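Engineer: Residues in the sequence shown are numbered consecutively from 15, following this note's numbering. Okay, handing you the structure first.
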Amino acid sequence: MLDRRSPIAGTFEPPAEGCGSFSYRSFVLDLDKPNPLLAPARETDVTGEEGGAEPAGQGQDHSVTFPFKVSEGDPEQFWIRVDTRTCDCDWVLHLDWIDGGERRETVVSDHGEPFRTTSVADSPSYSYDSERRQWRPDARCKDCASAPTAASGASPATGTTP
C-alpha cells in the first residue's frame, strides 16, 4: 500500500465484462486491511461453458495450493479481485518467487506506476446499453435517477455521460 485517500466522489461506469476462454487461479486483495495481503479466493475460476469465462465462485473449485510450478510450456494465470469500501488507494503487488533455489521478487505495477483503486460503494452506477444507445442505472444502483440518453450513435467513450 503506497497511499490511502478518501474515496473519489462521483458517478461511475462498471468495467466491461471480458470474453474469451481461459483458465486462471483466483485471488482477492482487500485494501481496507491495515496490511493488505493477497489471499486465495474460496473458489477459483475455470473456463466457462461455450467459451466464456465465468465470474468468481461460479466455476469449478480448483483449490489454490502452493507452491505453483510454472514453466514456459506450463504457465499459470492469476485473476486478482481488488476490493475496497473505504479508500482511494495507490498500490503495487510484490510477488515473491524462487528460481533454482534462489529467492526473487517482482513488483507488479501499471507500467511502472502504482495501480489506483477507489471505493464506489456509495456512488451512483450506470451502464451503457449499446443496443438501445442509452445509459441505464446499474443493477447495484437502487437509488439512481434515470440516466440521460446519449446522442444517436454515441458510445460510452464519446456520448453523454451521467
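Even glycine gets a Cβ: it sits at the ideal position worked out from N, Cα and C. Every value quoted in this text rests on a predicted model; they were computed, and no experiment measured them.
(1) Could you give the first and the last residue of the continuous beta strand (DSSP E) run that contains residue 132?
(2) Rounded to whole angstroms, what's the CA-CA distance from residue 43 to residue 146? Just pull it up for me.
(3) Find out if the Cβ-Cβ distance for the pair residue 50, residue 15 is shorter than 8 Å.
(4) If you count every other CB in all the chains shown that lies within 10 Å of the CB of residue 22, and 16 or more means buried, which is it?
(5) Would the segment 91-110 count as touching the segment 130-142 if we require 3 or more Cβ pairs under 8 Å?
(6) Assuming residue 96 is part of the beta strand (DSSP E), what are its boundary residues?
(7) Let me know the secondary structure DSSP gives residue 125 once reduced to three states.
(8) Which residue from 24, 26, 52 puts its Cα closest to that of residue 177?
(9) Under DSSP, the beta strand (DSSP E) around residue 141 begins and ends at which residues?
(10) Kindly list the residues whose CB is nearer than 8 Å to the CB of residue 24, restricted to its own chain and excluding five residues on each side of it in sequence; keep chain order.
(11) Residue range of the beta strand (DSSP E) that residue 40 falls in?
Structural biologist: Per the coordinate set shown:
(1) For this step, residue 132 is matched to residue 118 along the sequence shown. Unbroken beta strand (DSSP E) run through residue 132: 129-132.
(2) One-based indexing of the sequence shown puts residue 43 at position 29. One-based indexing of the sequence shown puts residue 146 at position 132. Each residue's Cα considered, the two are about 36 Å apart.
(3) Locating residue 50 in the sequence shown gives position 36, where the first residue counts as 1. Locating residue 15 in the sequence shown gives position 1, where the first residue counts as 1. Contact flag set, yes.
(4) As a working note, residue 22 is residue 8 in the sequence shown. Classification for residue 22: exposed.
(5) yes
(6) For this step, residue 96 is matched to residue 82 along the sequence shown. Residues 92-97.
(7) Translated into the one-based positions of the sequence shown, residue 125 becomes position 111. Residue 125 falls in the coil class under three-state DSSP.
(8) Missing from the structure shown is residue 177; the chain here goes from 15 to 176 and no further.
(9) Taking the sequence shown and counting its residues from 1, one reaches residue 141 at position 127. Element bounds for residue 141: 140-143.
(10) The residue given as residue 24 occupies position 10 in the sequence shown. Correct list, in chain order: 137.
(11) In the sequence shown, residue 40 corresponds to position 26, counting from 1. Taken as a continuous stretch (DSSP letters only), the beta strand (DSSP E) holding residue 40 covers 39-44.
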